[in-house]
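Numbered as in my numbering, the sequence shown ends at 225 without a single skipped number. Just so it is clear, CB atoms sit at the ideal spot from N, CA and C, and this is done for glycine as well. Nothing here was measured: the structure is a model prediction, and the numbers come from that model.
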Amino acid sequence: MLTQQQLKENVAVAAIDYVLPYLKPDTIIGIGSGSTADLFIDQLAQFKSRFKGTVSSSERSTTRLQSHGIEVFDLNDISHVPVYIDGADEIDAGLHMIKGGGGALTREKIVASVADQFVCIADESKCVDYLGAFPLPVEIIPMAREAVARQMAALGGRPKLREGFTTDNGCQILDVAGLRITDPKALEARVNNIPGVVTCGLFAIAGAGVALISTQTGVEQRKPA
Ligand SMILES: O=C(CO)[C@H](O)[C@H](O)COP(=O)(O)O
1 MLTQQQLKEN VAVAAIDYVL PYLKPDTIIG IGSGSTADLF IDQLAQFKSR
51 FKGTVSSSER STTRLQSHGI EVFDLNDISH VPVYIDGADE IDAGLHMIKG
101 GGGALTREKI VASVADQFVC IADESKCVDY LGAFPLPVEI IPMAREAVAR
151 QMAALGGRPK LREGFTTDNG CQILDVAGLR ITDPKALEAR VNNIPGVVTC
201 GLFAIAGAGV ALISTQTGVE QRKPA
C-alpha cells in the first residue's frame with residue numbers, strides 16, 4: 001500500500017514525463033504551490049538546463065526553485081507560458097478544483113490564467129464527486145473581513161478566519177466550510193464578485209485541462225468529463 005507521500009512523489013515524476021516535450025531553451029514553465037508542487041520542483045531541477053526558467057505562484061515555490069538554481073521570472077516580463085503545473089485540495093470529474101489550502105490561491109489563479117494549459121497533479125485522495133467537503137479558501141482585503149464573512153454565511157457557509165496567516169499579497173483568508181457547491185462556476189463568479197474578495201479558491205470557470213492522478217496502481221491521465 002503506497003502512502004500519500006509516495007503517491008505524491010509518483011505524480012511528480014509522471015508530471016516530468018508530461019512536461020518534457022515542452023522543455024525547450026526559450027520555454028517558461030508555470031509553477032504552482034504546495035507539497036506536490038514542491039516535489040515536482042525537485043524533479044524539474046534535474047532538467048533545468050533544458051528550459052529558460054519559470055514563473056512562480058508563491059514565495060514558497062520561488063525560494064525552492066531558486067534553491068535549485070532554476071530562474072524565476074517576473075510574470076510582467078513574460079508573454080507566453082505553455083504549461084502550468086499545480087496541485088489541488090479537491091478535484092471533480094469536470095476537473096474543477098478547490099485550491100488554496102496553502103494560501104497561494106490568488107497568485108496560482110493569475111499564473112494559471114496566462115498559461116495555455118493547466119496540468120493538475122494530485123493523489124487520488126483529492127478526487128471528489130462534488131466539491132466542498134474541503135472548506136473553500138477566500139482571500140480577502142482585511143478591512144472587508146466581517147462584511148465578506150456575512151455574505152459567505154448568507155450563501156450557506158461557515159466562514160472562519162485563518163488565524164495568524166497572511167498571504168503573499170498581504171491579505172487574509174477566510175476558510176468557508178459547509179457550502180453546497182452544485183454549480184462551481186456560478187459560485188466562483190458570485191464569490192469573486194463580493195467587494196473585498198481578492199479571489200476565491202474555486203478554479204471552475206477555468207479548470208484544469210488535464211489531471212494526472214496518482215493511484216495505488218499508477219498515475220492516470222484524466223481529461224474533463
Ligand atoms: O492550492 C494549493 C496551495 O494554495 C495547493 O495546490 C493545494 O493546497 C494542494 O497542496 P498539496 O500538494 O500540499 O496537497
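Inset, instruction - Using only the heavy atoms of ligand 1, determine whether one of them is closer than 6 Å to the beta carbon of Ala204. - result: Here residue 204 corresponds to residue number 204 of the sequence shown, with the count starting at 1. Checking every heavy atom of ligand 1 against the Cβ of Ala204, none is found closer than 6 Å.
Inset, instruction - Compare the Cα-Cα distances from Ala211 to each of Val11, Thr217 and Leu7 and report the closest residue. - result: Position 211 of the sequence shown, counted from the start, is the residue given in the question as residue 211. For the residues Val11, Thr217 and Leu7, the minimum Cα distance to Ala211 belongs to Val11.
Inset, instruction - Please specify which runs of the beta strand (DSSP E), each continuous and at least 3 residues long, are wholly inside the stretch 85-152, giving them in chain order. - result: Listed in chain order, the complete beta strand (DSSP E) runs (minimum 3 residues) inside the stretch 85-152 are 118-123 and 136-140.
Legend entry - Gln216 and Asp123 closer than 7 Å at C-beta: Position 216 of the sequence shown, counting from 1, holds the residue named residue 216. Position 123 of the sequence shown, counting from 1, holds the residue named residue 123. Contact: no.
Legend entry - Pick from Met97, Ala15 and Pro137 that is closest to Ile85, judged by C-alpha positions: Within the sequence shown, the letter at position 85 stands for residue 85. Of the candidates Met97, Ala15 and Pro137, the one whose C-alpha sits nearest the C-alpha of Ile85 is Ala15.
Inset, instruction - Specify the secondary structure class of Thr215 as computed by DSSP and reduced to three states. - result: Working through the sequence shown from its first residue, we reach residue 215 at position 215. Three-state result, Thr215: strand.
Inset, instruction - Look up Gln172 in the DSSP assignment and give the residues it is bridged to. - result: Taking the first residue of the sequence shown as 1, we reach residue 172 at position 172. Answer is Ile140.
Inset, instruction - Answer yes or no: the CB of Gly30 versus the heavy atoms of ligand 1, is any distance below 6 Å? - result: Stepping through the sequence shown from its first residue, residue 30 is reached at position 30. Ligand 1 has no heavy atom closer than 6 Å to the beta-carbon of Gly30.
Legend entry - Residues bridged to Phe203 [DSSP beta-bridge criterion]: On the sequence shown, position 203 is the one that residue 203 refers to. BP columns for Phe203 point to Met97.
Inset, instruction - May I ask you to report which of helix, strand or coil DSSP gives Thr182? - result: Start at 1 with the first residue of the sequence shown, and residue 182 comes out as number 182. Thr182 falls in the coil class under three-state DSSP.
Inset, instruction - Could you tell me if the beta carbon of Gly34 falls within a distance shorter than 6 Å of some heavy atom in ligand 1? - result: For the purposes of this step, residue 34 is taken as residue 34 along the sequence shown, with counting starting at 1. Yes; taking the cut-off as 6 Å, the Cβ of Gly34 has a heavy atom of ligand 1 nearer than that.
Inset, instruction - Tell me, please, whether the stretch 116-135 touches the stretch 88-96 by the rule of three or more beta-carbon pairs shorter than 8 Å. - result: yes
Inset, instruction - Determine which residues share a DSSP beta bridge with Lys160 and list them. - result: Position 160 of the sequence shown holds residue 160. Looking at the DSSP assignment, Lys160 forms a beta bridge with Asp175.
Legend entry - Inter-residue Cα distance where the pair is Gly30 and Leu105: What you label residue 30 is simply residue 30 of the sequence shown in a count that begins at 1. What you label residue 105 is simply residue 105 of the sequence shown in a count that begins at 1. Approximately 14 Å between the Cα atoms of the pair.
Inset, instruction - For Ile205, collect the residues of the same chain with a Cβ closer than 8 Å to its Cβ; drop the 5 residues on either side in sequence, then sort them by chain order. - result: Here the question's residue 205 lines up with position 205 in the sequence shown. Lys185, Glu188 and Ala189.
Inset, instruction - Grab me the residues of Pro21's own chain with a C-beta within less than 8 Å of its C-beta, minus the 5 sequence neighbours each way, in chain order. - result: Your numbering for residue 21 matches position 21 in the sequence shown. Correct list: empty, nothing qualifies.
Legend entry - Residues bridged to Glu220 (per DSSP): Translated into positions along the sequence shown, residue 220 becomes position 220. Paired residue(s): Ile213.
Inset, instruction - Please find out if some non-hydrogen atom of ligand 1 comes closer than 6 Å to the beta-carbon of Gly164. - result: In the sequence shown, the residue the question calls residue 164 occupies position 164. No; taking the cut-off as 6 Å, the Cβ of Gly164 has no heavy atom of ligand 1 nearer than that.
Inset, instruction - Using beta-carbon positions only, say whether Gly196 and Val148 come within less than 7 Å of one another. - result: Sequence index remark: in the sequence shown, residue 196 carries index 196 (1-based). Sequence index remark: in the sequence shown, residue 148 carries index 148 (1-based). Yes, the Cβ-Cβ distance between Gly196 and Val148 is below 7 Å.
Inset, instruction - Measure the CB-CB distance between Pro142 and Met152 and report whether it falls below 7 Å. - result: Here residue 142 refers to the residue found at position 142 of the sequence shown. Here residue 152 refers to the residue found at position 152 of the sequence shown. Cβ atoms of Pro142 and Met152: not closer than 7 Å.
Legend entry - Simplified DSSP assignment, three categories, for Thr166: Start at 1 with the first residue of the sequence shown, and residue 166 comes out as number 166. It is coil, neither helix nor strand.
Legend entry - Gly102 beta carbon near ligand 1 (any heavy atom closer than 6 Å): Within the sequence shown, numbered from 1, the residue matching residue 102 stands at position 102. Within the cutoff, so yes.
Inset, instruction - Measure the C-alpha to C-alpha separation of Leu179 and Ala225 and round it to an integer number of angstroms. - result: As a working mapping, residue 179 is identified with position 179 in the sequence shown. As a working mapping, residue 225 is identified with position 225 in the sequence shown. About 23 Å.
Inset, instruction - Might you give, ordered along the chain, the residues of its own chain that have their beta carbon closer than 8 Å to the beta carbon of Phe165, omitting 5 neighbours on each side? - result: Looking up residue 165 in the sequence shown gives position 165. Closer than 8 Å at Cβ, skipping near neighbours: Gly103, Gln172 and Ile173.
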